[in-house]
Amino acid sequence: DTEVTQTPKHLVMGMTNKKSLKCEQHMGHRAMYWYKQKAKKPPELMFVYSYEKLSINESVPSRFSPECPNSSLLNLHLHALQPEDSALYLCASSQEGLGTSSYEQYFGPGTRLTVT
Amino acid sequence: AQSVTQPDIHITVSEGASLELRCNYSYGATPYLFWYVQSPGQGLQLLLKYFSGDTLVQGIKGFEAEFKRSQSSFNLRKPSVHWSDAAEYFCAVGAHPNAGGTSYGKLTFGQGTILTVHP
Numbered sequence: 016d017t018e019v020t021q022t023p024k025h026l027v028m029g030m031t032n033k034k035s036l037k038c039e040q041h042m043g044h045r046a047m048y049w050y051k052q053k054a055k056k057p058p059e060l061m062f063v064y065s066y067e068k069l070s071i072n073e074s075v076p077s078r079f080s081p082e083c084p085n086s087s088l089l090n091l092h093l094h095a096l097q098p099e100d101s102a103l104y105l106c107a108s109s110q111e112g113l114g115t116s117s118y119e120q121y122f123g124p125g126t127r128l129t130v131t
Numbered sequence: 134a135q136s137v138t139q140p141d142i143h144i145t146v147s148e149g150a151s152l153e154l155r156c157n158y159s160y161g162a163t164p165y166l167f168w169y170v171q172s173p174g175q176g177l178q179l180l181l182k183y184f185s186g187d188t189l190v191q192g193i194k195g196f197e198a199e200f201k202r203s204q205s206s207f208n209l210r211k212p213s214v215h216w217s218d219a220a221e222y223f224c225a226v227g228a229h230p231n232a233g234g235t236s237y238g239k240l241t242f243g244q245g246t247i248l249t250v251h252p
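If you want it as structure tokens, here you go:
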């Protein structure tokens, strides 16, 4: 099973709202990622969690707040977003560990976010 | 720093024709290379990967790719395209896990190539 699930599928929020995106995987992967993808662009890395600890933050604005409650779950809390934050938000996971052949990242279907 | 170039923004082929999507990478050591496919509004699906060994790798859906170190290329091929192959294709390079440090887990994607298939 190489499935990463994301909820909700679509989200519309106002600039003063607080919402959360959820990602889940049951592959035993210990690295999880958040990406942002604008239309006709490649995914841009936002955050990486490794063994439930924040490993990489690509200088993302504080209105995006990631959380990793356990090894299977990854959340992205959203607050006071701007219209330019409208995008497809993708979650991914991968095996962690040196020398592993399972290095590839598996992506979820994404959450389409619209900020009004 | 690692980078990926996909020279073709948009490619159109007829169904049944052969396909080659180009990918050139820049990386200071042995790269990990990937091809992903994305249908509109969907997530990315891994087609194939190259870590080491045989430079011709087979993937899902009848795709293959060849790693050519001398040309810094990792081109994706398919002998006969089906209408369902219409999608956007991304080449990506990742740091070798033994590189350690924060470079591990970071993929750098190319700009993508949109494939249109004519009946």
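If you're matching them up, the sequences are chains A and B in order. Position 50 of the first sequence, counting from 1, maps to 65 under our numbering, and the rest follow consecutively. Position 68 of the second sequence, counting from 1, maps to 201 under our numbering, and the rest follow consecutively. Note that beta-carbon positions come from the ideal geometry of N, C-alpha and C, so glycine has one too.
Please check if any C-beta of chain B sits within less than 9 angstroms of the C-beta of C125 of chain A. First, the residue type needs correcting, since residue 125 of chain A is Gly and not Cys in the sequence shown. Yes, because at least one Cβ of chain B sits closer than 9 angstroms to the Cβ of G125 of chain A.
Applying the 10 Å Cβ sphere with the 16-neighbour rule, what's the burial state of E221 of chain B? buried
*Which chain A residues are close to Q244 of chain B, counting only those with a beta carbon under 7 angstroms from its beta carbon?*
P57
* Using DSSP with H/G/I as helix, E/B as strand and the rest coil, what is P124 of chain A? -> coil
**Asked** If you count every other CB in all the chains shown that lies within 10 Å of the CB of K55 of chain A, and 16 or more means buried, which is it?
**Response** exposed
- Indicate the three-state DSSP secondary structure (helix, strand or coil) for K194 of chain B in the structure shown. helix
Exercise. Verify the CB distance criterion: does L103 of chain A have a CB-CB separation below 9 angstroms to chain B?
Key: yes
Which residues mark the beginning and the end of the beta strand (DSSP E) in which K33 of chain A is found?
-> 33 to 40
inquiry  = Quick check on the DSSP output: the beta strand (DSSP E) that includes Y64 of chain A runs from which residue to which?
reply    = 59 to 65
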